[in-house]
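Read the structure below first, then the notes.
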Amino acid sequence: MAETDLPQDMQAVIQLNDGYSGSADGPSISDASKYVKNANIPVPTPAEGQVLVRMITSVVNPSDLHFIKGEYGQPCRKGFPAGFEGCGIVVAAGDPASAKLIGKRVSFAVSLTGSGTWAQYALTDANTCIVLHPDVSDIDAAALIVNPLTAVAMVDLVSQTYAAQKGDAFIITAASSQLGKLMVGLGADLGLKPIAVIRRAEAAEPLKKLGAEQVLVTSEPDFADQMQSAMKNLKPRIMLDAVADQTSADIFAAMPPHAKWVCYGKLSPQNPQLTQMGQFIFMGKKIEGFWLVNWMRTTPTKQKIAVFTEVQARFADGRWQTDVAIKLPMQDIVAGLAAATKLTDGKIIITY
Ligand SMILES: NC(=O)c1ccc[n+]([C@@H]2O[C@H](COP(=O)([O-])OP(=O)(O)OC[C@H]3O[C@@H](n4cnc5c(N)ncnc54)[C@H](OP(=O)(O)O)[C@@H]3O)[C@@H](O)[C@H]2O)c1
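Below, the structure written as structure tokens:
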């Protein structure tokens, strides 16, 4: 079941490598041509349960960069387009039930058996597609899944699993990231007190406006004093951490008894050292990880639908928005990705 005018071939940015590289040096990219190249490849055909999407926009997340470098939680696939999430129009389906999506504008994340979003057409599971509200822009729709779902899931983790009450503080590192900003706003809306940790002082004011109770700047000379006084005054029990370097470990060591370090990203290539193992024995401190893929697998469908609905409502009414650093045409990814990743304060949006 398909639109009648589908082409045989499409332009795509395909992976050059298979499997894992064994490296773990973070999402920085100095030359994308080591990992991907432009190619003309056949338009994929959807199998049962799958749909084919004509791409409108997509986003580059740190996970895409870790992935093409072979250091993500799933292996590279040589010859397949890269790119995990995006927005487009469903143009073909592998079975009658999925065909009800044909013609719909959707946000989606590519499944393990799919084909990436850095191509004119992408293949994904029909059940990962979110039919879009007309008020959600194509740019917000490009980045509707990975970060927004993670933001809701992790702030929910803070309030539900760790039973944080109104007025309780929690720490967000790399708080100037798109995900960090979403979580600061969401935490503040719930009456929690987000402590935003950033490395660029210029990013502090916007975070305060979003609702950060306190902003700690790691590059400031008085960072250690500021951090100690935040621990004393606000007593945060949870750190949502995407940096995972020595500063993260030092913040965790300064947190009160029963504190939890939830690691969900590895933006820094530096590996932290744990110097106070007694805190795990005598103070009940814990380190754990969060991965959206596992959350999607284990969360009941009803709860997931509630989260999707909340995410769309926040983008549709303007409480959330996707900040854009640059728009990069798909055919310029190989040449332009490295320079684009150096821009701060917004996402790279791929256009088609
Ligand atoms: N586990 C999961 O399921 C999951 C899901 C979604 C996202 N994530 C993770 O969440 C993190 C944020 O994603 P995002 O899409 O929001 O990122 P983003 O918008 O691309 O922003 C990343 C920002 O982090 C800051 N940063 C980069 N390297 C850093 C370092 N070494 N130390 C401190 N700050 C650093 C930079 O901000 P400044 O330039 O302002 O310093 C950078 O702009 C990533 O690690 C990503 O992999 C994980």
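Under our numbering, the letters of the sequence shown match residues 1348 to 1699, in that order.
All C-beta atoms, glycine included, are put in the ideal place defined by N, C-alpha and C.
Coarse secondary structure for residue i, derived from DSSP in three states
i, result
"Leu1675", "strand"
"Asp1692", "coil"
"Arg1661", "helix"
"Ile1348", "First, the amino acid is wrong: residue 1348 is Met here, not Ile. Coil, per DSSP."
"Val1590", "coil"
"Arg1584", "coil"
"Val1681", "helix"
"Val1406", "strand"
"Phe1707", "Any answer about residue 1707 is impossible in this case: the structure gives the chain only from 1348 up to 1699."
"Gly1538", "coil"
"Gln1380", "Checking the displayed sequence, the identity of residue 1380 turns out to be Ser instead of Gln. Correct three-state label for Ser1380: helix."
"Phe1627", "helix"
"Ser1454", "strand"
"Lys1632", "coil"
Sequence-distant residues of the same chain with beta carbon closer than 8 Å to residue i, five excluded per side
i, result
"Phe1431", "Asn1408, Ser1410, Asp1411, Phe1414, Ala1456, Val1457, Gly1463, Thr1464, Val1493"
"Pro1495", "Leu1529, Val1658, Arg1661, Phe1662, Trp1667"
"Met1501", "Met1530, Leu1587, Val1609, Tyr1611, Phe1637"
"Pro1443", "Met1348"
"Gly1420", "Trp1638, Val1640"
"Pro1389", "Gln1355, Asp1356, Met1357"
"Gly1532", "Leu1557, Gly1558, Arg1666, Trp1667"
"Val1499", "Leu1533, Val1654, Glu1657, Val1658"
"Asp1692", "Ser1523, Ala1550, Asp1670, Ala1672"
"Pro1422", "Asp1365, Gly1366, Tyr1367"
Same chain, Cβ closer than 7 Å to residue i, five either side skipped, listed in chain order
i, result
"Val1681", "Val1360, Ala1379, Ser1380, Val1383, Lys1384, Asn1385"
"Ala1429", "Val1360, Gln1362, Val1383, Asp1411, Phe1414, Ile1415, Gly1463, Trp1465"
"Pro1676", "Thr1698"
"Asp1592", "Ser1615, Gln1617, Pro1619"
"Gly1683", "Leu1675"
"Ala1446", "Met1348, Ala1440"
"Ala1571", "none"
Same chain, Cβ closer than 6 Å to residue i, neighbours up to 5 away in sequence not counted
i, result
"Arg1452", "Ile1436, Leu1479"
"Val1505", "Ala1511, Phe1517, Ile1585"
"Gly1461", "Leu1470, Thr1471"
"Gly1527", "Ile1519, Ala1521"
Nearest-angstrom Cβ-Cβ length linking residue i and residue j, presumed shorter than 8 Å
i, j, result
"Gly1631", "Pro1604", "6 Å"
"Glu1560", "Lys1540", "4 Å"
"Ile1376", "Ala1672", "Contact flag wrong, Cβ pair sits at about 14 Å."
"Gln1525", "Thr1669", "7 Å"
"Ala1490", "Lys1674", "Not really, about 13 Å apart at Cβ, beyond 8 Å."
Review point. Are the stretch 1572–1592 and the stretch 1622–1630 touching, with three or more C-beta to C-beta distances below 8 Å?
Key: no
Check your understanding: Pairing CB atoms from the stretch 1560–1573 with CB atoms from the stretch 1535–1549, are three or more of them under 8 Å?
Key -> yes
Exercise for review: Assess, as a yes-or-no matter, whether the stretch 1466–1483 is touched by the stretch 1510–1522 under the definition of 3 or more beta carbon pairs within less than 8 Å.
Suggested key: no
Practice item. Pair every Cβ in the stretch 1481–1489 with every Cβ in the stretch 1396–1404, then say whether three or more of these pairs are closer than 8 Å. Key: yes
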